[in-house]
Amino acid sequence: MIGGQLELLLTCVAYFAMLTAGHATTCSTDPIDYNAPGLSPGTLLQKVEAIFLTYRSIVLSTDELAILWIDPADCNAPDLDAQEAQVEKIVNRQVMLRAAVENYRLISAFRYPEVVATRKLKEVFPTLTLRGDKIGKNVEVLLVKVADFSASDAIERRARAAAIVGRPVELQLSAF
């Protein structure tokens, strides 16, 4: 009787070991890029940036179309069509190129920890409308209204903002 129970127990252990091993072999260990372009940093954005170093933003507007804002100087590049075709392969959509004069990329401030930093920055600059990464530099761009831009203590406030974000801060006037 004990031999039968031991055999059943060993069979169950072997079954669960095979089941676990079977699941382990089907699970992917590759990093998954859940980041869609225009939403947050990810491998897709790195591939787009490798083609257009000064891109401003990319939005997947439909299942068939993406809008890519680039530096106006890039609009006259001799290999623009080839670059556009490369981006179309990456995002698997037709790409519409648009010129954008901003010198920064918007920071998606709706996720943690960015939402916390934005709240702290709003305490320093109440008229803060947008945050951005300056293209080609490790500088955070803060778009503020005239009241904060021309405040007498703007230099001290900029130093406090730099301490919050951990890098230099540049103020720019907001049009909104």
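For the sequence shown, the UniProt record's numbering begins at 1 and goes up steadily by one.
Even for Gly, the Cβ is constructed at its ideal location relative to N, Cα and C.
Contact between Val169 and Glu123 is absent: CB atoms are separated by about 14 angstroms, not below the 8 angstroms threshold. Counting only the Cα atoms, Leu130 lies some 15 angstroms from Ile164.
Annotation for Lys47: the continuous alpha helix (DSSP H) segment containing it runs Thr43 to Ile51. Under the three-pair Cβ rule at 8 angstroms, the stretch 109-128 does not count as touching the stretch 72-82.
Between the C-alpha atoms of Gln86 and Asn76 there is a straight-line separation of about 17 angstroms.
Secondary structure at Arg105: strand, using DSSP grouped into helix, strand and coil.
DSSP places Leu128 in the coil class of the three-state scheme, outside both helix and strand.
Gly132 counts as buried, since at least 16 other C-beta atoms from the protein chains shown sit within 10 angstroms of its C-beta.
By the Cβ neighbour-count rule, Val48 is buried, with 16 or more other Cβ atoms within 10 Å of its own.
Beta-bridge pairing by DSSP links Asp81 to no other residue. Leu142 is a Cβ neighbour of Leu171, given a cutoff of 7 angstroms.
Inter-residue distance for Ser57 and Ile155 is about 29 angstroms (C-alpha atoms, whole angstroms).
For the pair Asn138 and Asp148, the Cα-to-Cα distance works out to about 22 angstroms. In this structure, DSSP gives Lys145 a state outside helix and strand, which the three-state scheme calls coil. In terms of CA proximity to Gly42, Ser108 leads the group Ser108, Ala175 and Leu121.
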